[in-house]
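In my numbering, the protein residues as written are -19 to 351.
Every residue gets a Cβ at the ideal spot worked out from N, C-alpha and C, and that includes glycine.
Quick notes on the structure that follows.
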């Protein structure tokens, strides 16, 4: 059984984090090509795959970090302490990103420090909670019972969703978030949070799909047949998710169970492609740039989030009409010659390139943020 860390996992993680930075940093949100936007509500776009793909990779990494403990069933106190530290660090980073927006508004715009508007949830918080809950399943249940628990969570979540209309205002997902956290602490002070508490339940299954895929892949020969078997498994999940969507729409913001299955299918297909490219074809020159991103994914995400917030809070010039630094860079360097839509895309690509250079510097110096 191979014991090395598959490079295809680093490639897949790099693709996911590059995708996150790309879709989170258009030059202007009013000028974005449709595939680079989330579905407005029900539906699925390429952008809707980015976050579940990253959770899938988190699960894949668990097949290596927790694999020995899962196989022996001898996880001790030190294992759970390490798990708790990782969860706490991710939660802390997520909360820090959220509070940074409030602090920058106070520092650069003179706004009062509105703690009552501090958003508690977010991308990193969802990763932390889904990772923590998935790890408990891996460490305490056999694969059979992991599958039963995951299926039960998807079916149970579906049942919960049917108790209310599937709208932002009326869904049970929003009702739970408002009751436990308060509307002012949700995304943009809205009626629900896209990384809400209740919708974390099906997201656990997104992590488990990655764990099962990589645990299986570790035991297989590195042949084309293995890659095609992954494609077949991913294709089956895609079909099942699409069929399920006839009864329960694909919806990233609610993280519907059909969406979780459908996105897991596409994640498995992408894993098959990365496996064929890196492990079978050995095309390292093509994959290496994304692998470098993947080795410092959390650092890239947090760094891009902080700098993006900083650019939006600072201004070029003075007066009420002074553009933010972010707007000025977009208009001056890109939109002025490429137009609003292409300029917005080029700004996002430039942002990805900038953070790749930063992560390449980290890589050359041996700096890795381990979470």
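9 angstroms Cβ cutoff met for residue i and residue j
i	j	result
residue 141	residue 157	no
residue 114	residue 39	yes
residue 16	residue 33	no
residue 318	residue 326	yes
residue 305	residue 294	yes
residue 7	residue 328	yes
residue 353	residue 194	Within the shown structure, residues of the chain are numbered from -19 to 351, placing residue 353 beyond reach of any answer.
residue 275	residue -10	yes
residue 126	residue 192	yes
residue 109	residue 183	yes
residue -2	residue 336	yes
Option nearest residue i by Cα separation, candidates the options
i	options	result
residue 185	102, 283, 107 and -5	107
residue 225	219, 238, 209 and 148	238
residue 10	330, 211 and 321	321
residue 43	28, 188, 203 and 135	188
residue 234	65, 194 and 155	155
residue 81	292, 195 and 192	292
residue 266	129, 253 and 7	253
residue 135	208, 228 and -11	228
residue 76	-7, 63, 138 and 95	95
residue 31	218, -4 and 22	-4
residue 101	89, 170, 88 and 27	170
residue 435	264, 345, 41 and 290	The structure shown has nothing for residue 435, since the chain only spans -19 to 351.
Through-space distance from residue j to residue i, alpha-carbon basis
i	j	result
residue 145	residue 56	44 angstroms
residue 197	residue 206	8 angstroms
residue 220	residue 244	11 angstroms
residue 255	residue 97	44 angstroms
residue 270	residue 181	30 angstroms
residue -17	residue 202	Because the pLDDT of residue -17 is 45, which lies under 50, any placement of that residue in the model is unreliable, and the question is left without a value.
residue 282	residue 350	13 angstroms
residue 285	residue 12	19 angstroms
residue 212	residue 89	54 angstroms
residue 216	residue 190	15 angstroms
residue 148	residue 129	27 angstroms
residue 150	residue 143	10 angstroms
residue 104	residue 162	20 angstroms
residue 200	residue 260	13 angstroms
residue 164	residue 172	10 angstroms
residue -12	residue 37	10 angstroms
residue 232	residue 287	26 angstroms
residue 92	residue 241	43 angstroms
residue 340	residue 258	19 angstroms
residue 78	residue 71	11 angstroms
residue 353	residue 122	The chain is shown from -19 up to 351; residue 353 falls before or after that span and cannot be answered.
residue 316	residue 307	12 angstroms
Beta-bridge partners of residue i, as assigned by DSSP
i	result
residue 304	295
Cβ-based burial, residue i [other Cβ within 10 Å; buried from 16]
i	result
residue 248	buried
residue 120	exposed
residue 348	exposed
residue 124	exposed
residue 223	exposed
residue 208	exposed
residue 297	exposed
residue 262	exposed
residue 21	exposed
residue 14	exposed
residue 299	exposed
residue 277	buried
residue 166	buried
residue 279	buried
Heavy atom of the ligand GTP within 8 angstroms of residue i beta-carbon
i	result
residue 286	Inclusion of the ligand GTP in the displayed structure is not the case, the ligand content being empty and no account of it being possible.
Cutoff 9 angstroms: residue i Cβ touching any chain B Cβ
i	result
residue 93	This model lacks chain B altogether; it includes just one protein chain.
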